[in-house]
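This report concerns only the one structure given below.
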Amino acid sequence: MMDLLIKGGILPDGTQADIAIAGDRIVAVEAEITAQASRIIDATGKLVTTPFVDAHFHMDATLSYGRPRVNASGTLLEGIGLWAELKSLQTKDDIVARAMDYCRQAIGKGVLAIRTHVDVTDQSFQTVSALLEVRDRLRDVLDLQLVAFPQDGWYRAQGAEAAVIRALDAGVDVVGGIPHFERTMADGTASVRRACELAADRGLMVDLHCDESDDPLSRHIETLAAETIRHGLEGRTAGSHLTSMHSMDNYYVAKLLPLIAEAQVAAIPNPLINITLQGRMDSYPKRRGMTRVPELLAAGVTVAFGQDCVRDPWYPLGSGDMLEVAHMGLHVALMTSPDQMKEAFRMVTETPAAIMGLDFGLQAGKRASVVILNAPDPIEAIRLRADRLAVVSNGKVVAETKPATTTLLAAPLQLRSSEVPAPTHARKSIEPD
Ligand code: FE2
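Numbering-wise (this note's numbering), the sequence shown opens with residue 0 and increments by one.
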């Protein structure tokens, strides 16, 4: 007797399969499963995927848009200044309430794991204690991974290193940093070295805001890769943003990409934010600002798209929908071939899960966390930002969405009998001939 049986779904690779779940584990993924189950979901013709995962977010700032004012210039630097104003106004209860509100929205969109940076340079420490509380409250539903992030600079902000260590001691998971915001390149380099040293000493991962700049000479990713190798941290470090790479000299990038691949440093661009924060000082043509995603992928680098911000000092929009992120990402990166669009889907599901070290998968023995979408395949899911019909976390259905229906009333819009479309599940996914 199974607890849950999902019938007739289409996996991201195009195969049709039933998925049997007992407790919090997938116990079988087979073409036809006839076992009894407490609950059966008919997913015929619908895409069934591992959960959406957001490997880069700021949950202490989310849903604060307009407090105490909006970002008039639209730049990263004004956003950091605005966040400093907000930090002095908010309370721990504010942060918890906004974070919980955001998590409810994101979970409804099938996001079951989020890596959020937490500003530890808030002297009150309330950002850290608030998000530790949120992580604990949502533990059974959402994997919330916290990064000790010295927003105002490892060396630029007084006491930042001590605050990072205090946060790690309190249970924060990952070492963060922001080398391009230090006062000098030398301080930035030193901060990368120190972050990697601390992570190696404690057996932790590293995720740096790295080179979030249009300055082609912002090259802290080089130091991150070298320090990763020096400390044996391969596969455990990530460079978020890496936007300066967009503007770097091609010859230098030809040397840099193999170094990043050798060090197994993951790249986490954030397309919605990179396309709006970067290029602000350009006239025309304006740079796109997102890092070189297809080239990183071709070099063998692990690349995931992150959300980064939703209605906060840096970004007025966003909805916690990783399909929106993938949609923007593939546009900005010109990744419009069928294979590239499927890759963009993996970049908001499997790949960020791997970066965060999560045990998601559509095989027997994996955690029973899956999402059923109102689309037949990953490309259609991205195109339509398809409804998440059901979200299953650790074997339990935690969210359901009924698709909205539109009724067309004008006479010329009525279907003739010869125009009735084939059912969605009978359509073939788009493949090159
Ligand atoms: Fe960020």
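We treat Cβ as the ideally placed atom computed from N, Cα and C, and that holds for glycine.
Since residue i and residue j should fall inside the 8 Å C-beta cutoff, what is the C-beta to C-beta distance between them, to a whole number of angstroms?
{"i": "Thr-115", "j": "Phe-56", "result": "4 Å"}
{"i": "Leu-223", "j": "Thr-236", "result": "6 Å"}
{"i": "Asn-269", "j": "Asp-307", "result": "4 Å"}
{"i": "Arg-18", "j": "Val-397", "result": "A small fix is needed here, since residue 18 is Ile in this sequence, not Arg. The Cβ separation is near 16 Å, so there is no contact."}
{"i": "Tyr-444", "j": "Pro-315", "result": "In the structure displayed, the chain extends from 0 to 432; residue 444 sits before or after that span and is not available."}
{"i": "Met-1", "j": "Ala-36", "result": "4 Å"}
{"i": "Cys-209", "j": "Leu-232", "result": "With a Cβ gap of about 14 Å, Cys-209 and Leu-232 do not count as contacting."}
{"i": "Ala-162", "j": "Pro-149", "result": "7 Å"}
By DSSP, does residue i sit in helix, in strand, or in coil?
{"i": "Pro-264", "result": "The sequence given here places Val at residue 264; Pro does not occur at that position. In this structure, Val-264 counts as coil in the three-state DSSP scheme."}
{"i": "Met-58", "result": "coil"}
{"i": "Phe-359", "result": "coil"}
{"i": "Tyr-314", "result": "strand"}
{"i": "Arg-387", "result": "strand"}
{"i": "Ala-19", "result": "strand"}
{"i": "Met-0", "result": "coil"}
{"i": "Ile-272", "result": "helix"}
{"i": "Ser-72", "result": "coil"}
{"i": "Arg-433", "result": "Because the chain spans 0 through 432 in this model, residue 433 falls outside it and cannot be assessed."}
{"i": "Val-163", "result": "helix"}
{"i": "Ile-32", "result": "coil"}
{"i": "Asp-376", "result": "coil"}
{"i": "Val-419", "result": "coil"}
DSSP beta-bridge partners for residue i?
{"i": "Val-146", "result": "His-116, Val-173"}
{"i": "Gly-238", "result": "Leu-207, Ala-266"}
{"i": "Ser-392", "result": "Lys-395"}
{"i": "Arg-291", "result": "According to DSSP, which records beta bridges pairwise, Arg-291 is partnered with nothing at all."}
{"i": "Thr-48", "result": "Val-370"}
{"i": "Arg-24", "result": "Ala-21, Arg-366"}
{"i": "Arg-38", "result": "Leu-3"}
{"i": "Asp-53", "result": "Ile-113"}
{"i": "Gly-8", "result": "Ala-16"}
Leaving aside the five residues before and after residue i along the sequence, list all residues of the same chain whose C-beta is less than 7 Å from its C-beta, in chain order.
{"i": "Glu-181", "result": "Gly-152, Trp-153, Tyr-154, Arg-155, Gly-187, Ser-190"}
{"i": "Phe-332", "result": "According to the sequence provided, residue 332 is Ala. The question's Phe does not apply to it. Here the set comprises Met-289, Val-292, Pro-293."}
{"i": "Ala-325", "result": "Phe-304, Ala-343, Phe-344, Met-346, Val-347, Ile-381"}
{"i": "Met-247", "result": "Pro-215"}
{"i": "Val-127", "result": "Val-117, Val-119, Ala-166, Ala-169, Val-171"}
{"i": "Pro-431", "result": "Its pLDDT being 44, under 50, Pro-431 is placed unreliably by the model, and nothing is read from it."}
{"i": "Ile-429", "result": "Because Ile-429 sits at a pLDDT of 44, beneath the cut-off of 50, its placement in the model cannot be relied upon, and the point is left open."}
{"i": "Thr-227", "result": "Cys-195, Glu-233, Thr-236, Ala-262, Val-264"}
Using C-beta distances below 6 Å, list every residue in its chain close to residue i, excluding the 5 sequence neighbours before and after it, in chain order.
{"i": "Pro-377", "result": "Pro-11, Lys-341, Phe-344"}
{"i": "Ala-98", "result": "Met-58, Val-133"}
{"i": "Ala-438", "result": "Lying before the first or after the last residue shown, residue 438 is absent from the chain, which here runs from 0 to 432."}
{"i": "Ala-71", "result": "none"}
{"i": "Arg-66", "result": "Leu-85"}
{"i": "Ala-425", "result": "Model confidence at Ala-425 stands at a pLDDT of 47, short of 50, so the residue's coordinates are unreliable and nothing is read from them."}
Among the residues of its own chain, which have a CB less than 8 Å from the CB of residue i, if the five just before and after it don't count?
{"i": "Gly-73", "result": "Thr-275, Leu-276, Arg-279"}
{"i": "Gln-144", "result": "Ala-112, Ile-113, Arg-114, Thr-115, Asp-172, Val-173, Met-355"}
{"i": "Glu-221", "result": "Leu-255, Leu-258"}
{"i": "Glu-399", "result": "Leu-388, Ala-389, Val-390"}
{"i": "Arg-136", "result": "Met-99"}
{"i": "Ala-199", "result": "His-230, Gly-231, Leu-232"}
{"i": "Ser-317", "result": "Looking at the sequence shown, residue 317 is not Ser but Gly. Leu-271, Gln-306, Cys-308, Val-309, Arg-310, Glu-323, listed in sequence order."}
{"i": "Ala-385", "result": "Leu-46, Leu-322, Leu-372, Asn-373, Ala-374, Glu-379"}
### Message
Runs of 4 residues minimum, wholly inside the segment 75-126: which ones carry the alpha helix (DSSP H) assignment?
### Response
75-86, 91-107
**Q.** Entirely enclosed beta strand (DSSP E) segments - the segment 296-351, minimum 3 residues
**A.** none
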